[in-house]
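For our numbering, count along the sequence shown from 1 and bump the result up by 5. Idealized CB from N, CA, C, for every residue including glycine.
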Amino acid sequence: MKVISSLISSVFLKFIHKDFHEVYSRMPVLDRIILLIVHAVDKMVSWHKLPVFLGMAYLGLRRHLHQEYNLINVGQTPVGTRFNPADYPYRTADGKFNDPFNEGVGSQYSFIGRNCPPVDQKTRLLKPDPMVVATKLLARRKLIDTGKQFNMIAASWIQFMIHDWVDHLEETNQIAERVYHLLEDYYRDNRTSYIFTADHGMSDKGSHGDGHPTNTDTPLVAWGAGIKYPRPATGHSHSDSVASFVDKHAHDMPTPYDWGLNRVERVDVNQADIAPLMSTLLGLPCPVNSVGNLPLGYMKLNEAEEVEAVLANTKQILNQLLRKSHIKMSNSLFFKPFKPLVDHSSSLSQIDELISAKRYEAAMKLAVDLRNLSLEGLHYFQTYDWLMLMTVITLGYTGWMIVLALHVLQCYSSLSGDLSRKGHLSVQKRHSRKEADVVQALFHTDYFGWSFVGDGVSVNKAPNTESRTTFVTPVHKLASCRFFDGSSVVFRKWHPFTFKFNIPWFCASIPSSVYWVCLSTKLGYEAVFYSALAVVLMAWILFENASHHSSKAKDSSLSEENREEHVTIGSEERYLQLSDVRIPLIFMVLFNVAFFGTGNFASIASFEISSVYRFITIFSPFLMAALLIFKLFIPFMLVICAFSAITKLVRVPRLGCYFLVILFSDIMTIHFFFLVKNTGSWMEIGNSISHFGIVSAQVVFVLLLFALTNLYTRTIRVKPLSTSPSLKTL
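Written out as structure tokens, the structure is:
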């Protein structure tokens, strides 16, 4: 029977991963069958695609296998209630009596989430033996016997992912010191290296990630085997000659006085330099994607060993360059290599010859130069397609802006060469003077004389000399005089009765209807922002109203002989003029003020929860987030409502103004696109990308808000001005 069982097992072992062979041999027959079933299901179909009953059965079988063979057995849970009633309401010093059914759960010397282990189980924590792991780590292709080899690197990167790492270190009873003594007591050979550092710093205000040295400079302390002994500080405070590749700023943060290290020499490095430092201490190759320079100021090596270590670091970076070069060459039609390293093999051969001749100083210089060139080559290939991408994206935005500009000129301004949608529009003048006099009367030749060069002016004379008219083509040249005619406006009076009080009362009602929400969700000075924004919007409306009626009064005071005809799109809207560009420009300024005045959508999580307590007193994250988002939407709604009211007041097409907003937003987008950075601090990189993203999304965001605010502004009516008989509309 055993022979048959072994034969069957040997057959089934071919279908089971080799890592499970050892545990499979210890399983009883039933568990072996369960393992085969689980393996078969995993190979054929995903368990969640099975019927509910079969899926639950599969999970039950897998749970059984995990419980029996994947967890350390630490004993059975006692039956019955076992706890000390006197200690039950409180947490004891040793952590016992947390569970009313098992006093050992979560107690001292127990596994997390498991029962108190028996005595014979404690040694299993050291399996596999750390010595075995260290032996595997020290396996390398090339042996550099420095006589200072050590068995393992310990505490290689103690990163305290908590920000108050100094205070927390004291509260945890000097955990780093305990780790050091634990390893030293275990190995007892003084051949362990220690590197103590952190991922980033933190300012006294609690911020981190920006480019301030407080947040970018972190402690780096190294000691143990292979590390130089501390040296007294010289006249120079510290060396940062190799620390300018990434952040480009001088590492000038003084050493804290409380550390007592002011008299010890300080060597600053980039964070990426720690990886080759640890690799060299272990005798392993550097990480394949590392761009760090080996900091020799930390290592206790002789001259020959330093050259060998730097050469290994150089070859690792050079291999990255060669790989990127190969990828670019295989994907490019016209490949341009990095010329300084076209003949890199000769440089490596020269370094090897210098090392063989024991000219270590010259070999070190060549190796460092080759490493620097390799880093420059990496940057070259990382930005290899930069020019093409920048050109394509810039041309795309530029072409889109040209299309928008032509569309606005054709559909929403009198500067149109093709007005077939309204018939052939011509501007006619009585031929009371010579053609040259007519053109001179209509235009400022200082600004517009050049625009007629090459276009030509054709004159058609009617048979009847009394009704002769002059057709000047193209028509948009004639109408261009209106663009600069309104640029200088004298504000003399405001006609409130023609305004019918509709716009002021409407815009005044908007902030009053939402102030109760704004003030209820504000805790400080931010409440003043809404009042100030409402005042600015009212001032903008009054300004546009005064400008509009002043221009009307100015037009009506002109004689019919020297006045252009008033060109309109329809009965309610007129064509856009150059002076109307100020409306979308002011809108964009106020819109961005509303966005960044009190915060933005990226900082919703930073708002105080207590700001919504006036509406809800229980914790409801979705409702609280909805209130905060609604509060952030209010300034946008105010600005766009005022913008819509102004477009109706001055009788300009709102859609045309929106196209101008898109046009100016694209100009801003290109500007921020060229400011995007991929080096520096988190904040510098994040801000450059977020600015570009915000301006890019502004186009769609404004369109959605326009559609939303149209519900409030579509019923606005403005009483038209009384038109004199002499004022003509084409």
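Between residue 233 and residue 304 the beta-carbon gap is near 7 Å, inside 8 Å, which marks them as a contact.
Judged by DSSP secondary structure, residue 229 falls within the beta strand (DSSP E) whose first and last residues are 225-229.
With fewer than 16 other Cβ atoms inside 10 Å of its own Cβ, residue 623 counts as exposed.
One thing to note: residue 376 has its Cβ no nearer than 7 Å to the Cβ of residue 285. Short of 7 Å from the beta carbon of residue 372, and not among the five residues preceding or following it, lie these beta carbons of its own chain, in chain order: 312, 315, 316, 319 and 356.
Counting only runs that start and end inside the stretch 294-373, the alpha helix (DSSP H) elements of at least 4 residues fall at 308-336 and 349-361. Judged by DSSP in its simplified three-state form, residue 417 adopts coil rather than helix or strand. Restricted to the stretch 270-297, the alpha helix (DSSP H) segments that are unbroken, complete and at least 4 residues in length are 279-287, listed in chain order. Within the DSSP secondary-structure output, residue 202 pairs in a beta bridge with 225. Here residue 545 is buried. Its C-beta has 16 or more other C-beta atoms within 10 Å.
Between residue 343 and residue 382, the C-beta gap is smaller than 7 Å, which places the two residues in contact. C-alpha of residue 401 to C-alpha of residue 699: approximately 19 Å in a straight line. Separation of residue 45 and residue 290 (C-alpha to C-alpha, rounded to the nearest whole angstrom) is 40 Å. In the three-state reduction of the DSSP assignment, residue 684 falls in the coil class. For residue 539, the number of other beta carbons within 10 angstroms of its own is at least 16, and it is reported as buried. Collapsing the DSSP output to three states places residue 237 in a strand. With respect to the C-alpha of residue 308, the residue from 332, 360 and 278 having the closest C-alpha is 360.
Take the alpha-carbon of residue 48 and the one of residue 329: they are about 37 Å apart.
If you draw a straight line from the Cα of residue 53 to the Cα of residue 31, it is about 29 Å long. Between residue 646 and residue 717, the C-beta spacing is below 7 Å. Per DSSP, the unbroken alpha helix (DSSP H) holding residue 673 starts and ends at 659-678.
A residue is called buried once 16 or more other Cβ atoms fall within 10 Å of its Cβ, and residue 231 is buried on that count. By the Cβ rule, the stretch 695-715 counts as touching the stretch 633-645, because three or more pairs are nearer than 8 Å. The three-state secondary structure of residue 720, taken from DSSP, is coil. About 7 Å separates the CB atoms of residue 279 and residue 297; that is less than 8 Å, so the two are in contact. Leaving aside the five residues that flank residue 326 on each side, the residues in its chain whose CB is nearer than 6 Å to its CB run, in chain order, 379, 382 and 383. Excluding its 5 nearest sequence neighbours in each direction, residue 237 has C-beta neighbours in its own chain below 8 Å: 268, 269 and 270, listed in chain order. Residue pairing by DSSP puts residue 232 in a beta bridge opposite 304. The Cβ-Cβ distance between residue 682 and residue 693 falls below 7 Å. Membership of residue 48 in the alpha helix (DSSP H) is indicated by the continuous run 34-49. The DSSP-derived three-state label of residue 579 is strand. Residue 651 and residue 685 have their C-alpha atoms roughly 43 Å apart. A residue is called buried when at least 16 other Cβ atoms come within 10 angstroms of its Cβ; residue 259 does not meet this threshold and is exposed.
Less than 7 Å separates the beta-carbon of residue 617 from that of residue 632. With contacts defined by Cβ atoms closer than 7 Å, residue 228 and residue 262 do not form a contacting pair. Secondary structure note for residue 29: its alpha helix (DSSP H) is the uninterrupted segment 26-31.
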